[in-house]
Amino acid sequence: MRDLKVFKNLFASERRSRTLSELKLMFNVLRRSPTGVLGLILTISFLVIGIIGPYITPYNPIFIDFKNMHKLRLLPPSLKHPFGTDEFGRDLFSRVLSGARVSLLAAVVVLAVAIPLGLTLGLIAGYYGGIIDEIIMRITDVFLAFPGLVLAIAFSAAFKPGLWSAILAVALVWWPSYVRVVRAQVLQVREALFIEAARALGLSPWKIMIRHILPNVLTPVIVLATLDFGSVIIVTSSLSFIGLGAQPPTPEWGRLVADGRAYFPEKWWYVLFPGLAIFLTSLGWNLLGDSLRDVLDPKYRRRLEFKKEIKKEGEKSG
Amino acid sequence: MSEFKYYVIRRLLTFLPTIIGVTLLTFVIARVIPANPARLWAGGVKAKPEVIEMLTKKYHLDKPVYVQYFYYLKDILSGDWGTSPVTHRSILADIKTYFPATVELAIFALILVMAIGIPLGIISALRKDSWIDHVVRVVAISGASIPVFWLGILLQWIFYYHLGLFPAAGRGIAPHKVYTGLYLLDSILSGDFKAFIDNLSHMVLPALTLAYPSIGLVARITRGSMLDVLSAEYIDYAQVRGLKKSFIFKHVLKNASIPIITILGLIFGGLLSGAIVTETIFSWPGIGTYAVGSIMNMDYPAIMGVTLLIGLIYVLVNFMVDLIYALIDPRIRL
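Quick note, the sequences are listed as chains S and F, same order.
For the first sequence, the positions run 1143 to 1460 when this note's numbering is used.
For the second sequence, the positions run 950 to 1283 when this note's numbering is used.
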């Protein structure tokens, strides 16, 4: 019995060191791609601003100073107000900074609902096949029969309008793509020898799915989730832009662009900066996701490593 | 050919349940999720009790859910998609008025996507890792990252306010005779040159806004599949045999086009949802503007009508794309 434990520990430490070296490799690959680094910088700044943004705003993003409103209204960008001010004299820089929190919240909640749901359904559909697969996939197809934004509009119009209904609506249309991806991946892994071995050993289906199949389907899910982070932000801000989603005075980026349109193009800063915030954030996640695809591909990593070794050999001998 | 027939039948067997599923989902959103659908249909808080009662009776909202669904299907098929509580007009009649403008915009955008995206993809595959390849990559990633509504406003800013090249809003003048409701096509058919130019110049900015996110996508897919085909052994063989370059190129293009066709449906879906936001920016009189106007007015039946319509169209387009795919690639039929 004790032998078995030692044996297991041995494996665990071996696995840990392997994971560490893999992580190091991943970081090396990521560092090599300038777009990946730019993506990492953009996403980390977004996360940091999303978390601490509301605490570092130079002005109160929501409070309206009615006494001085006429003096502060729609001021162009200056040192005092880097992004200018809005029609109520509020500092737009402060509003954009605290808007990051709203977008971060939306993306995290949507993915926290969509990914576990998609993973579970995709694993079940792919592993069991047959009638269960058929039922899950037909339901998934129906959700995918609508362009995402259109269905999200219908859902959030059916709920009480507001930020949370918009987030819920987007989450409701987001899970099906994960079911598809996970299922396709499971179908590839399902027939592998190590799964058959696990089955022959009498492991329960759940254990097989979680211990042996799940780790093998995670890579595409991580890439998709990274790319989706940006898409979720765009879709929720589109909902706010057309009047569903965040309601005033919540500083939401899409809503800010919509409000600024009334004063465009004379007060161009009102539209420019909130839109730029959406663009840069989404750009960051897309760049990062694009590089992660290469980074998480073990074959690609090995190839780079191999090239490096060859180069070293060449330098040694030459 | 019998093989193809068999494929069509098999594909129809999944197509019909999906159509029913689409109506079921819109039914659930319209009638089951809201606590009191009749009140929502009658305009929410402002609804009059007698109107609510009338609607409850007319749409059988006091009956069990499955009976309601039966009546819902019957109404859709018989052309009663509900009445707007705001304008008191029939939803389906309104949709018929607004729809041609959206179709015209989407088709024009689709042409732009293909006409720009495919050549870009081909060039970047042939000149891999050159500056043009990097430019295409930037276009693709920025297209996926830019919010359509912001892009539209920026284009208006540059091309209307600063350069004065194109009009910022609205659709061109109606040609002498309207046959299809697609003004560009109609102005050619009726030989109305002035209307053609006017419609074309109104079309440029909204179509470009709508197309931009998909251009990069098509370019990247084209590039990827070109590279796959170019590295295939039968191309090497053709070269070794000394076949003419133009002949080889034709084969490469044909085989590389298959993945592009598979994403056509996806792109069309992107254009449909993009149209909702784009039309709002450019005051384009299509169903997108109609839908957003309905959201502002809390015109719930209109929102659900547009949702149902877009769902049905999208399913139909994907079905047709699958058939084209099967026609071109025989392997799919098996």
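The beta carbon of each residue, even a glycine, is placed where N, CA and C say it ideally should be.
*Own chain residues within Cβ distance below 7 Å of Pro1124 of chain F, not counting five before or after*: Result list for Pro1124 of chain F: Tyr1132, Asp1135, Ser1136, Ser1139, Asp1141, Ala1144, in chain order.
*Pairwise C-alpha distance: Ala1248 of chain S and Pro1218 of chain S*: The alpha-carbon atoms of Pro1218 of chain S and Ala1248 of chain S are separated by roughly 30 Å.
*For Gln1330 of chain S, the first and last residue of its enclosing alpha helix (DSSP H)*: First-last of the alpha helix (DSSP H) with Gln1330 of chain S: 1305-1332.
_Within 8 Å of any Cβ in chain S, is that where the Cβ of Met1063 of chain F sits?_
So, not an interface residue.
*Contacts of Arg1280 of chain S in chain F (Cβ-Cβ under 9 Å)*: The contacting residues are Thr963, Pro966, Thr967, Gly970.
*Can you check DSSP and say which residues form a bridge with Asp1283 of chain S?*
Paired residue(s): none; Asp1283 of chain S is not in a bridge.
*Taking Ala1296 of chain S and Met1253 of chain F to be in contact with their CB atoms under 8 Å, please state how far apart those CB atoms are, rounded to whole angstroms.*
At roughly 6 Å, the Cβ-Cβ gap stays under 8 Å, so Ala1296 of chain S and Met1253 of chain F are in contact.
_Taking its Cβ as the centre, do 16 or more other Cβ atoms sit within 10 Å of Phe1421 of chain S, making it buried, or is it exposed?_
Flag for Phe1421 of chain S reads buried.
*Cut-off 6 Å between Cβ atoms - residues of its own chain near Ala1311 of chain S, not counting five sequence neighbours on either side*: The answer, listed in chain order, is Ala1294, Phe1297, Ser1298.
_Counting C-beta neighbours from all protein chains within 10 Å, is the total for Gln1330 of chain S 16 or more, i.e. buried, or is it exposed?_
Gln1330 of chain S sits exposed, since fewer than 16 C-beta atoms from the chains shown fall within 10 Å of its C-beta.
*Counting Cβ pairs, one atom from each stretch, are 3 or more of them under 8 Å apart for the stretch 1039-1047 of chain F and the stretch 1174-1194 of chain F?*
No: fewer than three Cβ pairs fall under 8 Å.
*DSSP on Asp1233 of chain S, reduced to helix/strand/coil?*
Of the three classes helix, strand and coil, the one that applies to Asp1233 of chain S here is strand, per DSSP.
*Would you say the stretch 1105-1125 of chain F touches the stretch 1232-1242 of chain F, given that touching needs at least three Cβ pairs under 8 Å?*
The stretch 1105-1125 of chain F makes contact with the stretch 1232-1242 of chain F; the number of CB pairs closer than 8 Å reaches 3 or more.
*Around the Cβ of Leu1162 of chain S, are there at least 16 other Cβ atoms within 10 angstroms (buried) or fewer (exposed)?*
Result: exposed.
*asked:* For a contact defined as C-beta to C-beta under 8 Å, what are the partners of Leu1221 of chain F on chain S?
replied: Within chain S, the C-beta atoms nearer than 8 Å to that of Leu1221 of chain F come from Pro1289, Val1292, in chain order.
*Buried versus exposed call for Gly1113 of chain F [16 or more other C-beta atoms within 10 Å across all chains shown]*: Exposed is the call here.
*So what's Thr1129 of chain F in DSSP terms, helix, strand or just coil?*
In the three-state DSSP reduction, Thr1129 of chain F falls in the coil class, being neither helix nor strand.
*asked:* On the criterion of 16 or more Cβ atoms from any shown chain inside 10 Å, does Ile1095 of chain F qualify as buried, or is it exposed?
replied: Here Ile1095 of chain F is buried: its Cβ has 16 or more other Cβ atoms, across all protein chains shown, within 10 Å.
_Please give me, in chain order, every unbroken run of the alpha helix (DSSP H) with length at least 4 that falls completely inside the stretch 1244-1277 of chain F._
You should have 1249-1277.
_Buried or exposed by the 16-neighbour rule on C-beta atoms within 10 Å, applied to Phe1336 of chain S_ = Classification of Phe1336 of chain S: exposed, given that the 10 Å Cβ count is below 16.
*Using CA coordinates, which residue listed in S:Leu1414, S:Ala1300, S:Gly1304 is at the minimum distance from Ala1251 of chain F?*
When only C-alpha atoms are compared, the closest one is S:Ala1300.
_Beta carbon of Arg1169 of chain F nearer than 8 Å to that of Ala1089 of chain F_ = Cβ distance < 8 Å, so Arg1169 of chain F and Ala1089 of chain F count as in contact.
_Anticipated Cβ contact below 8 Å, Gly1426 of chain S with Phe1188 of chain S, distance rounded_ = The Cβ separation is near 6 Å, so the contact holds.
*Three-state class that DSSP yields for Gly1460 of chain S in the structure shown*: Note that Gly1460 of chain S has pLDDT 46, beneath the 50 cutoff, so the model's placement of it is unreliable and no number is given.
*Drop a sphere of 10 angstroms on the beta-carbon of His1212 of chain S, count the other beta-carbons inside from all chains shown, and report buried for 16 or more, exposed for fewer.*
For His1212 of chain S, the number of other beta carbons within 10 angstroms of its own is below 16, and it is reported as exposed.
*Let me know if Val977 of chain F comes out buried or exposed under the rule of 16 or more other beta-carbons within 10 Å of its beta-carbon.*
Residue burial annotation: Val977 of chain F is exposed, with fewer than 16 other C-beta atoms found within 10 angstroms of its C-beta.
*Taking 8 Å as the CB-CB cut-off, is Gly1304 of chain S touching chain F?*
No, Gly1304 of chain S does not count as interfacial toward chain F.
*Determine the contact status of Trp1348 of chain S and Val1252 of chain S, defining contact as a CB-CB distance below 8 Å.*
In this structure, Val1252 of chain S does not lie closer than 8 Å to Trp1348 of chain S by Cβ.
_Taking the alpha-carbon of Ala1055 of chain F as reference, which of F:Leu1220, F:Asp1248, F:Val981 has the nearest alpha-carbon?_
Comparing Cα-Cα distances from Ala1055 of chain F to each of F:Leu1220, F:Asp1248, F:Val981, the minimum goes to F:Leu1220.
*Closer than 8 Å by beta-carbon distance: list the chain F residues that pair up with Gly1372 of chain S, in chain order.*
Residues of chain F with a Cβ closer than 8 Å to the Cβ of Gly1372 of chain S are, in chain order, Ala1093, Ser1094.
_Quick check on DSSP: helix, strand or coil for Met1143 of chain S?_
Caution applies to Met1143 of chain S, whose pLDDT of 49 falls short of 50 and renders its modelled position unreliable; the value that the coordinates give is listed next. Three-state result, Met1143 of chain S: coil.
*Within the same chain, show all residues whose beta-carbon is closer than 6 Å to that of Asn1267 of chain F, passing over the 5 residues directly before and after it, in chain order.*
These residues qualify, in order along the chain: Gly1214.
*asked:* Classify Phe1169 of chain S: buried if its beta carbon has 16 or more other beta carbons within 10 angstroms, exposed otherwise.
replied: With fewer than 16 other beta carbons inside 10 angstroms of its own, Phe1169 of chain S counts as exposed.
*Contact check, Ala1419 of chain S vs Leu1305 of chain S under 8 Å by CB: the rounded distance?*
Taking the Cβ atoms as the reference, Ala1419 of chain S lies roughly 17 Å from Leu1305 of chain S, outside the contact range of under 8 Å.
*Check the C-beta distance from Gly1268 of chain S over to Arg1325 of chain S and give it rounded, since I have them as a contact under 8 Å.*
The C-beta separation of Gly1268 of chain S from Arg1325 of chain S comes to about 4 Å, placing the pair in contact by the 8 Å criterion.
*Compare the beta carbon distance of Val1226 of chain F and Ser1380 of chain S with 8 Å and say whether it is the shorter of the two.*
Cβ atoms of Val1226 of chain F and Ser1380 of chain S: closer than 8 Å.
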